[in-house]
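In the numbering used here, the protein residues as written are 6 to 80.
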């Protein structure tokens, strides 16, 4: 935490819920993980990410996630 009380984040995940795959690709690239279009997997010293994402009825995005972080992350 900084002197003014704001949080210092190890990583910030930004994205658009209508185009989740762009954010997943960026996370995989930044954190040395793998994204195959449906499954994001990242394992490193401070993050364990396992996300399955798919489109349902061509309009709804479904994501099932397991996220474990040892450092602060902002979504």
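Every residue gets a Cβ at the ideal spot worked out from N, C-alpha and C, and that includes glycine.
The model shown is predicted, which means the values in this text are computed figures rather than measured ones.
Check: Helix, strand or coil for residue 29, going by three-state DSSP, please let me know.; Outcome: helix
Check: Confirm, please, whether the CB-CB distance from residue 27 to residue 38 is below 9 Å.; Outcome: no
Check: Would residue 45 be called buried (16 or more neighbouring beta carbons within 10 Å of its own) or exposed?; Outcome: buried
Check: Residues in its own chain within less than 8 Å of residue 130 by CB, not counting five upstream and five downstream?; Outcome: With the chain covering only 6 through 80, there is no way to say anything about residue 130.
Check: Less than 9 Å between the C-beta atoms of residue 40 and residue 74, yes or no?; Outcome: no
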